Structure formats: structure tokens, C-alpha cells
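**Q**
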Ligand SMILES: *Cc1c(COP(=O)(O)O)cnc(C)c1O
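Numbering (full-length UniProt numbering), first residue to last: 1 to 954.
#1: Out of curiosity, what's the CA-to-CA distance linking residue 308 and residue 136?
#2: Under the DSSP definition of a beta bridge, which residues are partnered with residue 87?
#3: Measure from the alpha carbon of residue 965 to the alpha carbon of each residue in 287, 840 and 346, then state which is nearest.
#4: What residue does the beta strand (DSSP E) around residue 371 start on, and which one ends it?
#5: What span of residues does the beta strand (DSSP E) with residue 857 cover, start to end?
#6: If you run the structure through DSSP and keep just helix, strand and coil, what is residue 912?
#7: Note down, one range per segment and in chain order, each alpha helix (DSSP H) of at least 4 residues found wholly within the region 581 to 657.
#8: First and last residue of the alpha helix (DSSP H) that includes residue 73?
#9: Give me the residue from 935, 719 and 234 with the minimum Cα distance to residue 211.
#10: In terms of residue numbering, what span does the beta strand (DSSP E) encompassing residue 700 cover?
#11: Using only the alpha-carbon positions, how far apart do residue 539 and residue 438 sit?
#12: What are the uninterrupted segments assigned as alpha helix (DSSP H) that are 4 or more residues long and contained completely in the region 112 to 155, given in chain order?
#13: Look at the alpha carbon of residue 785 and the alpha carbon of residue 847, and state the distance between them as a whole number of angstroms.
#14: Identify whether residue 384 lies in helix, strand or coil by the three-state DSSP scheme.
#15: In chain order, what residues of the same chain lie with their CB nearer than 8 Å to the CB of residue 175, ignoring the 5 residues before and after it?
#16: What's the C-alpha gap between residue 905 and residue 869?
#17: Indicate, with yes or no, if ligand 1 has a heavy atom lying under 8 Å from the CB of residue 308.
#18: Please find out if some non-hydrogen atom of ligand 1 comes closer than 8 Å to the beta-carbon of residue 826.
#19: Per DSSP, residue 966 forms a beta bridge with which residues?
#20: Who are residue 786's beta bridge partners in DSSP?
#21: Between which two residues does the alpha helix (DSSP H) carrying residue 453 extend?
#22: With 16 other CB atoms within 10 Å as the buried threshold, where does residue 53 fall?
#23: Only counting the same chain, and skipping five residues up and downstream in sequence, which positions put a Cβ closer than 6 Å to that of residue 332?
#24: Which parts of the region 811 to 857 are runs of the alpha helix (DSSP H), unbroken and 4 residues or longer, counting only runs that do not cross its ends?
#25: Taking only three categories from DSSP, how would you classify residue 571?
#26: Between residue 679 and ligand 1, is there a pair consisting of the residue's CB and a ligand heavy atom that are separated by less than 8 Å?
#27: Taking its Cβ as the centre, do 16 or more other Cβ atoms sit within 10 Å of residue 604, making it buried, or is it exposed?
#28: Quick test of your reading: residue 445 and residue 381, contact by CB under 8 Å. State the CB separation rounded to the nearest angstrom.
#29: Answer yes or no: the CB of residue 704 versus the heavy atoms of ligand 1, is any distance below 8 Å?
#30: Would you mind working out which of 338, 458 and 436 sits nearest residue 449, comparing C-alpha positions?
#31: Which residue marks the beginning of the beta strand (DSSP E) containing residue 806, and which one marks its end?
#32: By alpha-carbon positions, which one of 929, 260 and 636 ends up nearest to residue 828?
#33: What is the DSSP secondary structure of residue 397, counted as helix, strand or coil?
#34: Name the DSSP beta bridge partners of residue 427, please?
#35: Less than 9 Å between the beta carbons of residue 683 and residue 773, yes or no?
#36: Tell me whether residue 569, by its Cβ, gets closer than 8 Å to a heavy atom of ligand 1.
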């Protein structure tokens, strides 16, 4: 009895206090791992890995780390400082209702949000099918042949469309026409994109001011930002007559009722699918779409999902055409898009799958009917309403009553948009019920009942949609929530995401996306704000953005942050434009040369090209480092015109180069600025700061280092940090500071995912973040040490260490056993793993980054799988396995391989259950190896008829 009464207080720290939530290995495991590497302590490992010359002097510190509960309380208090008014502000952002089944089983489901970009098609069939549904939906609604799998936002999609037009148009004009009825942010982003490329943008009325012979293309908004529905058939015909391209930016919900862009003979349609169930989120993330005519399918930017077959001839999906290998076109690339908006495209596609064509039509009709009632009421009150025909947006002449009306609406917690000097525009949406319409009438001084209004149609019959859409069975089968839940579950079960196993991707930092960090993004105070809502309704966002910016400045050593870029590549582009603007302000317009090492990420040269710079490649040494002599020679040779260099640190080969300061000095001495690609900040946070080693600008991938999940290929955030001298040249935005240079539709990019990175910083604290970096380096070095038993690890630094990732050479297996890097990757699937990054930055190798979040047990499981594969390759080398017909070449194995005749020279069991892999919890690839070439020869980018699946099952 006595013994049971006495206890000692434990010094064990629950996960929440010791950051065990985020840092995988336990202190005891770390000891074992250090022993395996052969160093005494983590300090010693870090000292021997990170060069002294670059280490930061002061530790990262912003006070005590918050516990989960404290952080959530802080986020709650911050969220409460935002006001959820009803925003009828339109301009491409609309209230929408996310079907709860989609919110819970997709947006809030790690099986969906932690997936990686579907470069490994076999383990991505679920999200590829959802994206194929998305492409089918977009191509149906727009009436165009081929749609891609999402772009970043409507404004950048418009800029991408302009770039396509310039390339494919036979017209030699250098001018692009933009409809004055385009959303203002779209006009700005298009102007930003056109300027460095030397194209002139003319804004005007397409029906009266478009001179088709003077342009290579034109962009029209449908319906217009102030509500006008115009038919562009004649304008597009005129453009075609002059070999120019017609682009329509169309609201997809309106297309349920209106004649499609395809029926107007548009070449390209773009727009945002936000109002298909994706909350406004103070600007993002949402999926923009692009659809093109058949002839231009090879020119589309971003990814394109297509149908192919697997090794058994069954249908299998994969990324089509050039979109598998983003990085190969480099400076010849015409777009830098890499991370897009997959998770949001999946949500929008499921909205269409759930509602079906009749549901979408009903939603569109309801929005329209209420807008017509609103207009009629306002006419009754004596206000002049335009246009005569509209979908969901009307503009009212309010004269000198305007401010009083806007104020009265604010009293009703409704935001109305000011247009010109005296007008008000109102856009209704799926959420606007009769009581909202009545409240708007009250603001205009009327006391009327919504139910007294007679319904009417305010669309010209000539403009009615007369073609079908969403006819594929997939849009008809899932009306019942039980079916919908199961469909979504079936798809996610086909995929391998972080909720099943580590994803050891080099250069992509697939770390934990902690649940506590994810919770706030669903809160309406963060998710439902309109990006152009008055600033005093977004004070919570202001606080969050300011504090996160301060912390990112402390982490990077920069002086200011722009949150506008909504991907890493957009950050590069924004950063280079900032450098460009600085040179111009100094009278150095001619400075346009950008030095980029050949080892750089493919987005670097593509972004430089978009920023109007001339890319001069710099050699890499045998060990992957920048060739300093070549760098100096090129910098001096181009000293007159040097604008910038773009370097990656640690290098793309995963090494801390010792001479990074020298590279920065050389650049500055020759008049250039240093762009340091900060996507790999996971090796630096708390240890070294780009701003201290001499860089002037960097982007940070918050969807890598700062815990925003990959979402299967987006969303992302690529804010840029700059030194003080560049601050005034950061991108402006027409809705905030009114300055030009916008690179994204919304002023703070995809603002609604910033709470994830903020809560990560709050819960880790400066010391926790630093420890995460140290453990990331430990995990990578442990991986390298264990794999050294079977493979050569390339590009270690002088003392044999790697940074936060390592490159494992699988080329010898190819020489000795004919086993390709592909075979290794696919055999890893049999073992339950996602393959590392393949053939980048070195062809035929695997680059792996374990991150700090993985435990020793998981690292061991992965190393065991890699070493098993090495043994199997040895069996091939030594003749124990057939050279062609072996478990590596036939991987991945599926349940189909468990039944039927077995005519292979190795046992069925070896194929399906590699020694040491899990049996009860085995992940089964849903398809055998996918035939990429077949799919490119027979390009199908929308849902194939159901019979195709039936035939396959026979
Ligand atoms: C991921 C990455 C990028 C591109 O980022 P996105 O968000 O995909 O556009 C750029 N550079 C490096 C080194 C990267 O790893």
C-alpha cells in the first residue's frame, strides 16, 4: 500500500512540450543514429557539416514556444479579429458552400492533403482520376477540347494565356488587347507579365476599340467584371481573320446558363473554379483553369493528366506530354509553373461530381434569379441598374448617395463594391439568400419582401447555353452522400501519401503537416474572407501576416517580405522582377544577364526568361558545386549587363558549398544582385541566413519548409524576402497600395494557408526550429550512412557529410544488371514507399530528403527496402534472377498478380511481398507499371467512356 502512494515526478516530456510532434527520432534514437554515423554528438555533426563561415551568430529566438493549446488559443483570438461580413464584391471571388462531405473527406483528410505531385503515376491513380474529372468538367463547361489540371489563379492564368497566344499566333504584332471589363487584378498581372517581354498591353472596349490587325491576341471577360454579358463571336472572328488569338476569361458557374467560349470559337478559356466549393480564403488558394483548342494542347502550361495503359493493358492515368518533366526545357521554357493547385482542383471537381449538371444548373439559376430580383427591387426604388442582361452582377448608379449606401450596407454586415465615382456593383452567389437581398434593399432605403418579387430571366435568349455538359457517368452516380463518401475514399485508397509512409523526396521537403496547424484553415474567420474586403475587417489577417513576416525576416536575415507569390516559381519571378525594377530605378535598364548554374532547378531559368532576362549558364564542378572560376569569368565578361545570379543553397546536390560568400561578392562587384533560391531552407533555419551570406532576395517555399501540405501538387506559398534596398521595388497590388507590378491575383497570395506556417513557428519556437534543422541534417546523414552499405552516395562535402538530402547513385545497377532508376522506384512501391526524386539533378540517380519528421524506425524501414533492392539487383548481376523477368523489372505488383497463371521465374510471393515488407498493412498499387509512351501517342485528357473500364475488367 505504502509503495503505491509514493511517486516521483517524471521528467518525461509529452510530445507537445518536447516538439516530439514534429521531430521524429527520440533522444535515445538520435544517440543510436549518431553512433551509426560515427560522431559523438549532434553539435559535432552540425559543426562538421555546416561551414563555420556561414553560421549565424545569434540563435533564433522569439520567446517561449507555445503548446498546441496555447497556439490554438492564439489563433482563435487572431481569427476573432477578422470580421465575417457578407462580401458581395465579386471580381472573381464568390461566396460558395463547400459540401460538408468534401470539406471533411478531402480538405481535412491527410490522405488527400499530404500527397505529393503525381510524378509516380502508379501510386497516384486516385488524385489523377479526380484531376481527370476536373479536366473533363472544365472542357465541358468551356466547350473547348483540352483542359489542364489547374493553374495558380485567374490572373496568372490570363498571363499564361497571353504568353501562349504570343507563341502560337501567326500574327507578328507585339500588342495584346485586354477587355476593360476584365477584373482589375487580372489587368495588372497581365501588364506585369507583358512588360519585360516587350509586349504592349492595350485596355479597352472589345466591341468598339479592338483593332484585330494590331494585336497577337485579346482577352475578354465573360461576364464582365461589372456584369455585362457580351457575345465575343464577332470579335474572335475578326481576330482569326488577322491570325490572332481569342481568349475568354469565363466564370464557370455562369457557363451553366450561358453560351460557352467554345461556341464563340475562342481559342483559349481561363478562369477560376473557386466558386465550385472552395472558400474565398482572403484570396486563396483556389484552382484556376485553362482550356484550349486541340491545336494548342502542346502549348498549355502546368500539368495535363492523360489516360494510358499499364503493363497488363488496363487503363491507367499519368501526367501527359511534356508535363511529366517540367525541368527539361529550362531557359527555353515558356512558363515556370511547377506547384499548382491540385487539392483545390480536386475539391472543385468533387463539387461537380456531387452536384452533377442538374445541381450546378440549379445553383446557377438560383443565383441568377436572386440577382434579377435584386435588380428589380432597386429599379423600383428608383435606381438606374445596368446592364440590361446579366448573370450575377449588376451595377447601380448611386449618385451622391453612394457613400451613405455603402455605409448602410456595412451596418447590415454587407460589403458592396464601389465602381467609378458614383456607382456600386453587387455580385450575388450561392450563399446569397432572400434575406441578403432584402438587407441590400434596406441599405438602398427600401423595405421590401424578397418573396413578393416575381421571378424573371435577365439573360438574352440568344446567349442561352444550348449544349450539354458533365454528361459523363461520373457526374451522375454520386448524388447520395453514402456513395460520395465511398467514391472519395476509394480514390484516396489508391494513393500513397504521408499518412501511410515517408515520402523521401529530394528538394521537396515532405515533412509533417501537423493536425493542430491544419485545424484553423477551416475556421470561417480565416476561410471566408473576400480578398478585397475592407482592411478593418481583416485585422486578424494583418496581425498574422505581420508577425509571420517578422519571423521569416528573423529566419532569413532579410528586411522585408512580400506574401504575394503563391508558389516557389512565382517567388522567383517576383524576386527577379524586384531586382529588375531596382536596376531600372538606378538607370541600369540594360542590365539583363542572369547567371544560373547548370545544376539549378528548372524553374530558375524559366523564371529568368519570364522576367526578360538573358540566361547565361555557369558550369558545375564534378562534385556538383558551382565552378567558381567559370562563374567569375562569366560575371566579368558580362559585367556591363549583369543583372543577377540565381544560386541554390545548399546546392541542388545537397551540399553546403564553402564559397557561397565569394559567389555573392563576385556578383556584387560586377553590378549584379544575388537571388538565392530558398526552397531548401530546411537545411538552414536557425543555423544560417541567406541575408547574412550576401544574398539580396530569396523565395521561401512555405509548402516545403514551413509545413503547408503539398496537396498532391499544390497549393503552395512562395513569399520572397529582400534586403532593405529592394523593399520599395516589391510587387504592388491594385487593391492595396495601388502600385503596379502585381504577380498574383490576391495581395497576399494564398492567405488562408498562412495560419499553418504561423502556428508551426509559434509551436516550435526559435530553438525548436533550429533543432528541426539539426535533426533534418542528422536524418539525412543517417540515411546516407546506412545506404552506403549498398550504394554510392554522391556529392558529399569535404568531410564526407551531406546537408539535409543526399543523392544515391543507382547507375551502377544499370550497368551491371540492367536495372534502371525506374525499376528501383517501382520496386519501392512493392515495399510500400513512394520513390525519391528521380533523375534530378543527376540523371539515373535518386535524391532523397528524409526530413526531421521521420523516426528512426521509419528511416530503417526505408533503408531496409533500398538495401533489399540492392540485393535483388545483385541476384540479377550474379544470375540468380533473370535479367528481364525479375521482381524489379515487373514492379509494381498488384492484386492481379496474386491470381491466375504464374509464368515468371521468381516466386509470386517474392514479387508481391518483398522480404521484410508489411503484409497486413500492405499498400497495393492499383495498377501495374504505367506505359507513358502509349498515352502520349494516344492522347486522351478527359474521362474515357465507361466501356473502356468494362473492357479492361473482362
Ligand atoms: C520546389 C522548388 C522550386 C519551385 O517551387 P514551386 O512551389 O514548385 O513553384 C524552386 N526551386 C527549388 C530548389 C525547389 O526545390
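Even for Gly, the Cβ is constructed at its ideal location relative to N, Cα and C.
This structure is a prediction, so every number in the text was calculated from the model and none was measured.
**A** The structure says:
#1: Looking up residue 308 in the chain shown gives position 308. Looking up residue 136 in the chain shown gives position 136. Each residue's alpha carbon lies about 16 Å from the other.
#2: Along the chain shown, read from residue 1 onward, the residue named residue 87 stands at position 87. Looking at the DSSP assignment, residue 87 forms a beta bridge with 415.
#3: Here the chain has residues from 1 to 954 only, and residue 965 is not among them.
#4: Locating residue 371 in the chain shown gives position 371, counting from the first residue. First-last for residue 371: 342 to 380, but that is the alpha helix (DSSP H), not the beta strand (DSSP E).
#5: Here residue 857 is taken as the residue at index 857 of the chain shown, counted from 1. For residue 857, no beta strand (DSSP E) encloses it; the enclosing alpha helix (DSSP H) starts and ends at 856 to 877.
#6: Residue mapping note: residue 912 aligns to position 912 of the chain shown, counting from 1. Shown here, residue 912 sits in a helix according to DSSP, grouped into three states.
#7: Restricted to the region 581 to 657, the alpha helix (DSSP H) segments that are unbroken, complete and at least 4 residues in length are 603 to 610 and 628 to 637, listed in chain order.
#8: Here residue 73 corresponds to residue number 73 of the chain shown, with the count starting at 1. Where residue 73 is concerned, the enclosing alpha helix (DSSP H) stretches over 68 to 80.
#9: As a position in the chain shown, residue 211 is number 211, starting the count at 1. For residue 211, the closest alpha carbon among the candidates 935, 719 and 234 is that of 234.
#10: Taking the first residue of the chain shown as 1, we reach residue 700 at position 700. Element bounds for residue 700: 697 to 700.
#11: As a position in the chain shown, residue 539 is number 539, starting the count at 1. As a position in the chain shown, residue 438 is number 438, starting the count at 1. In this model, residue 539 and residue 438 are separated by some 28 Å (Cα to Cα).
#12: Whole alpha helix (DSSP H) segments, 4+ residues: 125 to 142.
#13: Mapped onto the chain shown, residue 785 falls at position 785. Mapped onto the chain shown, residue 847 falls at position 847. Spanning the alpha carbons of residue 785 and residue 847 requires a straight line of approximately 15 Å.
#14: For the purposes of this step, residue 384 is identified with residue 384 of the chain shown, where counting begins at 1. Taken through DSSP and simplified to helix, strand or coil, residue 384 comes out as strand.
#15: Residue numbering aside, residue 175 sits at position 175 when the chain shown is read from its first letter. If the five residues before and after residue 175 are omitted, its C-beta is found closer than 8 Å to the C-beta atoms of 199, 200, 201, 202, 214, 215 and 216, all from its own chain and listed in chain order.
#16: Here residue 905 corresponds to residue number 905 of the chain shown, with the count starting at 1. Here residue 869 corresponds to residue number 869 of the chain shown, with the count starting at 1. When rounded, the distance between both Cα atoms is 17 Å.
#17: Your numbering for residue 308 matches position 308 in the chain shown. Of the heavy atoms belonging to ligand 1, none sits nearer than 8 Å to the Cβ of residue 308.
#18: Locating residue 826 in the chain shown gives position 826, where the first residue counts as 1. Checking the Cβ of residue 826 against ligand 1 gives no.
#19: Since the first and last residues shown for the chain are 1 and 954, residue 966 lies out of range.
#20: Residue mapping note: residue 786 aligns to position 786 of the chain shown, counting from 1. None; residue 786 has no bridge partner.
#21: The count along the chain shown starts at 1 and reaches residue 453 at position 453. According to the DSSP assignment, residue 453 belongs to no alpha helix (DSSP H), since it is labelled neither H nor E.
#22: Numbered from 1 along the chain shown, position 53 holds the residue referred to as residue 53. By the 10 Å Cβ count, residue 53 comes out exposed.
#23: Residue 332 sits at position 332 when you count from the first residue of the chain shown. Closer than 6 Å at Cβ, skipping near neighbours: no residue.
#24: With a minimum length of 4 residues, the unbroken runs of alpha helix (DSSP H) contained wholly in the region 811 to 857 fall at 811 to 817 and 821 to 830.
#25: Mapped onto the chain shown, residue 571 falls at position 571. Residue 571: helix per DSSP, three-state reduction.
#26: On the chain shown, residue 679 is found 679 positions in, with the first residue counted as 1. Residue 679: yes, Cβ under 8 Å from ligand 1.
#27: Reading the chain shown from its first residue, position 604 is the one you call residue 604. By the neighbour-count criterion, in which a residue is buried when 16 or more other Cβ atoms sit within 10 angstroms of its Cβ, residue 604 is buried.
#28: Counting from 1 along the chain shown, the entry for residue 445 is found at position 445. Counting from 1 along the chain shown, the entry for residue 381 is found at position 381. Sure, about 6 Å apart at Cβ, within 8 Å.
#29: Taking the chain shown and counting its residues from 1, one reaches residue 704 at position 704. A heavy atom of ligand 1 is found nearer than 8 Å to the CB of residue 704.
#30: Translated into the one-based positions of the chain shown, residue 449 becomes position 449. Residue 449 has its Cα closest to that of 436, out of 338, 458 and 436.
#31: Position 806 of the chain shown holds residue 806. Its beta strand (DSSP E) spans residues 806 to 809.
#32: The count along the chain shown starts at 1 and reaches residue 828 at position 828. Measuring from the Cα of residue 828, the nearest candidate turns out to be 929.
#33: Residue mapping note: residue 397 aligns to position 397 of the chain shown, counting from 1. DSSP, reduced to helix, strand and coil, places residue 397 within a strand of the structure shown.
#34: Working through the chain shown from its first residue, we reach residue 427 at position 427. Bridge partners of residue 427 according to DSSP: 393.
#35: Reading the chain shown from its first residue, position 683 is the one you call residue 683. Reading the chain shown from its first residue, position 773 is the one you call residue 773. The answer is yes: Cβ separation under 9 Å.
#36: Mapped onto the chain shown, residue 569 falls at position 569. Within the cutoff, so yes.
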